[in-house]
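Reminder that position 94 of the sequence shown reads as 94 in the UniProt record's numbering, one-by-one numbering, no gaps.
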Amino acid sequence: MFATDRVRLRPPTPDDAPNLFRLHGDPELHLLTNDGPFVPHHVGQVRARLEKRISDPAEVDDGVSLLAEAVADGTFLGGSSLWGINTFNRYAHLGITLLPEARGQGYGTDVVRLLCRYGFRNRNLRRLELETLAGNTAMRRTAERCGFTHEGTQREREYDGDGFADMVIYGLLRRDWTP
Ligand SMILES: CC(C)(COP(=O)(O)OP(=O)(O)OC[C@H]1O[C@@H](n2cnc3c(N)ncnc32)[C@H](O)[C@@H]1OP(=O)(O)O)[C@@H](O)C(=O)NCCC(=O)NCCS
């Protein structure tokens, strides 16, 4: 559907439940990627949520979740999303989480570029945002590599397991985007 020569993004199906369960089942990673408390789930709950999505078109208005896989052999790499789509002001947020073994090989950069393309070209948005903990160098470098600008820092905004960490905000305007 959306692909570079290495990475493809596609909607998840109920059969992806075991992979998504593994991706989102790490409480330490949850502290890095999520602003709510970690609540343990079993794989059946993940599957049920994916099944519900098939019959619930509401998600499309507010956000889209896309799974990332390797073009070469279909290996599951991780998840991504365009969330909080605001159709009046025409902006949205990007989210991405890769499995530990998929990181540091350029996949994240490909996924962010594909999400930008989807957001700007297919959803006709004019601004994309992403937020991450200030200490998340991998996410910050990936954002910068994809053309995002560091627009600000919110002090002590997110609980990171030890204390309250600063949150950095990155933005990319469509006019500054290189397709
Ligand atoms: C953040 C994440 C999506 C980046 O994807 P990735 O595939 O690992 O990143 P890439 O291989 O495309 O590298 C992109 C840039 O980040 C840098 N980078 C990657 N991993 C890094 C690390 N652990 N430490 C420092 N820099 C890192 C790369 O060197 C590259 O920068 P460069 O162009 O200056 O060389 C991925 O590491 C991940 O899923 N992390 C855990 C979940 C997470 O933090 N999600 C974001 C929550 S807001």
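Beta carbons are placed, not taken as given, at the ideal position from N, Cα and C, and that holds for glycine.
Less than 8 angstroms separating the Cβ of N136 from some heavy atom of ligand 1? Indeed, a heavy atom of ligand 1 lies less than 8 angstroms from the Cβ.
Counting contacts by CB-CB distance shorter than 9 angstroms, is T109 in contact with chain D? Among the chains in the structure shown there is no chain D, since it carries only a single protein chain.
Any non-hydrogen atom of ligand 1 closer than 8 angstroms to Y159 Cβ: For Y159, the shortest separation between its Cβ and any heavy atom of ligand 1 does not lie below 8 angstroms.
Hey, quick one: how far does the beta strand (DSSP E) through Q154 stretch, first residue to last? First-last of the beta strand (DSSP E) with Q154: T149 to Y159.
What does a CB cutoff of less than 6 angstroms around L172 pick up in its chain, not counting 5 residues either side in sequence? The residues are L128, G147 and F148.
Starting from A72, trace the beta strand (DSSP E) in both directions and tell me its first and last residue. DSSP places A72 outside any beta strand (DSSP E), giving it a letter other than H or E.
F2 to V43, Cα distance in whole Å? Looking at the two C-alpha atoms, the distance is approximately 27 angstroms.
Using DSSP bridges, identify the partner residues of I169. Per DSSP, E131 and G152.
Whether L95 touches L130 by CB criterion (9 angstroms): Residue identity check: residue 95 is Gly in the sequence provided, not Leu. Between G95 and L130, the CB-CB gap stays under 9 angstroms.
Residues in its own chain within less than 6 angstroms of R126 by CB, not counting five upstream and five downstream? The beta carbon of R126 is closer than 6 angstroms to those of R90 and R174 in its chain, skipping five residues each way along the sequence.
Closer than 6 angstroms by C-beta to I54: which residues in its own chain qualify, once you throw out the five before and the five after it? Chain order, please. Nothing meets the Cβ criterion.
Can you name the start and end residues of the alpha helix (DSSP H) that residue 181 belongs to? Residue 181 is absent from the structure shown; the chain starts at 1 and stops at 179.
In the DSSP assignment, the beta strand (DSSP E) including T97 goes from what residue to what residue? Y91 to L98 is the extent of the beta strand (DSSP E) around T97.
Can we say the segment 78–90 touches the segment 111–127, given the rule of at least three CB pairs closer than 8 angstroms? Flag = yes, the segment 78–90 and the segment 111–127 touch.
Assuming contact is defined by CB atoms lying nearer than 9 angstroms, are P14 and R47 in contact in what I supplied? Taking 9 angstroms as the cut-off, the beta carbon of P14 is found closer than this to the beta carbon of R47.
Just curious, the alpha helix (DSSP H) that L32 is in, first and last residue? Boundaries of the alpha helix (DSSP H) around L32: P27 to T33.
Identified DSSP bridge partners for F2: BP columns for F2 point to L9.
By Cβ distance, which residues of its chain are closer than 6 angstroms to F76, with the 5 residues on each side in sequence left out? Around F76, the same chain offers N19 and E69 as residues with beta carbons nearer than 6 angstroms, after the five sequence neighbours per side are excluded.
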